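In the UniProt record's numbering, the protein residues as written are 1 to 505. Just so you know, even glycine gets a beta-carbon here, dropped at the ideal spot from N, CA and C. Since the model is a prediction, treat every value here as computed from it, not as a measurement.
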């Protein structure tokens with residue numbers, strides 16, 4: 001009889017090195033069936049390397065892997081799949097031109113007795129899996145015609161169709177909306193209740209405390225500890241991750257808001273996603289913008305940044321600004337950071353230097369010739385000032401952690417010397433240590449007299465940084481609060497219901 005408390009996978013003394021880097025150092029870990037196990041730590045701590053050893057992408061230099069108590073060598077991903085180990089990451093692996101059904105069963109299509117693909121059975125079985133997951137999509141639809149969130153759910157459907165015993169979720173929710181994230185976590189919890197083990201890699205504390213019963217923390221390739229959830233307080237978990245207390249996590253500033261830096265009157269988008277909106281932000285002030293996905297908060301940022309067509313009046317420093325594109329926004333004194341870092345804010349195949357230097361392109365040239373030496377000096381100075389960790393400025397920005405990529409984006413934006421900064425989801429997908437550094441950079445700009453519009457889905461971030469908070473619902477502002485004394489429940493209630501409420505005394 002099998003011991004129900006025995007781990008499905010036991011990792012013992014796992015070590016792994018790459019040229020110049022010891023990614024994992026003597027890590028031991030148990031993963032059990034019917035358990036959601038969090039693997040957390042800062043970027044570069046070794047989380048993804050450990051996950052790739054479990055799924056067969058990498059092989060350890062030392063240590064052993066046991067499956068059901070049997071020493072096992074997982075030489076490649078197909079070996080892991082045969083053992084019931086399936087990975088789902090933030091990077092989609094679907095074939096966009098194939099149908100949903102074909103993607104679910106790719107590489108193992110059902111066959112007729114004559115050896116041809118049984119298309120009717122393929123569609124029928126795909127529909128059954130989708131129904132079980134409550135994913136409402138036609139299995140004959142081409143994947144390229146689906147939203148990103150639906151594509152992520154198809155990834156889940158494909159994983160579950162393999163009768164997985166272990167699901168590895170590597171930042172699988174990083175690009176999803178709140179509603180899609182909630183749905184994914186529901187699916188994870190359903191699989192857990194069916195006896196499937198889950199290894200969840202995520203920076204998002206609410207997700208860990210909702211779904212996980214245990215957390216293992218890596219730091220610099222070493223296991224710092226394995227602790228129970230939700231019994232372990234969040235500050236204790238963060239301390240394990242970063243090796244220090246983050247007493248002043250959000251930072252602070254001693255600044256009295258001054259003259260109005262940004263005045264918005266009846267700003268709205270032409271498609272109705274953002275209804276007529278009016279507000280002011282002063283120098284030395286952070287205005288937080290909260291709301292659910294689809295509430296209009298993202299469109300506010302895009303309209304201010306010139307990323308989408310809009311109408312209404314925008315005044316910067318008392319002067320009306322005509323903003324129809326991002327270049328005009330910058331020229332008017334508005335620096336905009338979009339929420340989609342990989343898709344809109346960086347050039348992934350270009351170097352750190354090239355991405356950073358976008359701040360100065362057009363200003364460092366004489367007779368059309370770029371002043372390369374001057375640009376290189378500014379880039380290196382900027383990397384030091386904004387704490388960008390990279391081997392050098394010439395490496396591709398895509399090789400950097402999410403936190404370092406974001407510091408390049410923010411540093412480039414701050415270097416433009418704008419009066420107003422509009423930051424949409426500035427800490428999405430980065431670890432707690434990098435978040436603290438980003439908050440410090442933000443506070444530095446505000447202390448120097450900048451005005452900031454902070455658009456975020458993370459209520460602790462809004463409440464920890466903002467002086468005032470606007471809450472959006474169905475395209476418009478439904479409440480405005482002073483941040484002092486404001487709690488998450490009050491903001492969330494307005495975001496969901498749209499009914500203005502008074503902050504608790």
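A distance of 8 Å or more separates the beta carbons of residue 99 and residue 62. Residue environment for residue 453: buried (at least 16 other C-beta atoms within 10 angstroms of its C-beta). About 5 Å separates the Cβ atoms of residue 420 and residue 334, confirming a contact at the 8 Å cut-off.
Runs of the beta strand (DSSP E) lying entirely within the region 56–118, each at least 3 residues long, are 62–67 and 85–89 in chain order. Counting along the chain, no beta strand (DSSP E) covers residue 419, and no H or E run does either. Look at residue 481 here: in three-state DSSP terms it is strand. Setting aside the 5 residues that flank it on each side, residue 163 is surrounded in the same chain by 84, each with a C-beta closer than 8 Å to its C-beta; the list follows chain order.
Judged by DSSP in its simplified three-state form, residue 28 adopts strand. The beta-carbon distance between residue 418 and residue 330, rounded to whole angstroms, is 7 Å. This is short enough to meet the 8 Å contact definition. Burial check for residue 487: the Cβ neighbour count within 10 Å stays below 16, so the residue is exposed. Restricted to the region 116–179, the alpha helix (DSSP H) segments that are unbroken, complete and at least 4 residues in length are 119–133 and 148–161, listed in chain order. Boundaries of the alpha helix (DSSP H) around residue 327: 326–332. Contact check between the region 49–65 and the region 168–175: three or more CB pairs, one atom from each, fall below 8 Å, which counts as touching.
Burial state of residue 448 is exposed, judged by a 10 Å Cβ sphere holding fewer than 16 other Cβ atoms. Residue 199 carries a strand assignment under DSSP once its states are collapsed to helix, strand and coil.
Taking one beta carbon from each stretch, the region 450–469 and the region 273–290 have 3 or more pairs nearer than 8 Å; the two touch. At the C-beta level, residue 456 and residue 425 come within 8 Å of one another. Annotated three-state conformation of residue 304 is helix, per DSSP. Three or more beta-carbon pairs separated by less than 8 Å are not found between the region 201–215 and the region 112–121, which leaves the two stretches without contact. In the DSSP assignment, residue 455 falls within the unbroken beta strand (DSSP E) covering 451–455.
In the three-state scheme derived from DSSP, where H, G and I count as helix and E and B as strand, residue 309 is classed as coil. Taking residue 78 as reference, the option from 72, 88, 92 and 57 with the minimal CA-CA separation is 57. DSSP places residue 223 within a strand segment (E or B) once states are collapsed to three.
The C-beta separation of residue 410 from residue 441 comes to about 6 Å, placing the pair in contact by the 8 Å criterion. Between residue 101 and residue 126 a beta carbon distance of about 4 Å is seen, short of the 8 Å cut, so the two are scored as contacting. Ranked by how close their Cα comes to the Cα of residue 166, the residues 390, 9, 401 and 393 have 9 in first place. The secondary-structure analysis by DSSP pairs residue 262 across a beta bridge with 281 and 316. In terms of CA proximity to residue 379, 355 leads the group 398, 391, 35 and 355. Here residue 270 is not near residue 277, since their CB atoms are 8 Å or more apart. Cβ-Cβ separation between residue 303 and residue 274: approximately 6 Å, consistent with a contact (criterion under 8 Å). Rounded to the nearest whole angstrom, the CA to CA distance from residue 137 to residue 495 is 28 Å. For residue 47, the enclosing alpha helix (DSSP H) begins and ends at 47–54.
For residue 433, the enclosing alpha helix (DSSP H) has its first and last residue at 432–447.
Excluding sequence positions up to five before and after residue 66, its CB lies within less than 6 Å of the CB of 10, all in the same chain and listed in chain order.
Within its own chain, the residues whose Cβ lies closer than 8 Å to the Cβ of residue 393, once the five positions on either side in sequence are excluded, are 351, 352, 353, 356, 376, 379, 380 and 383, listed in chain order. If you check the CB distance, residue 159 and residue 135 do not come in under 8 Å.
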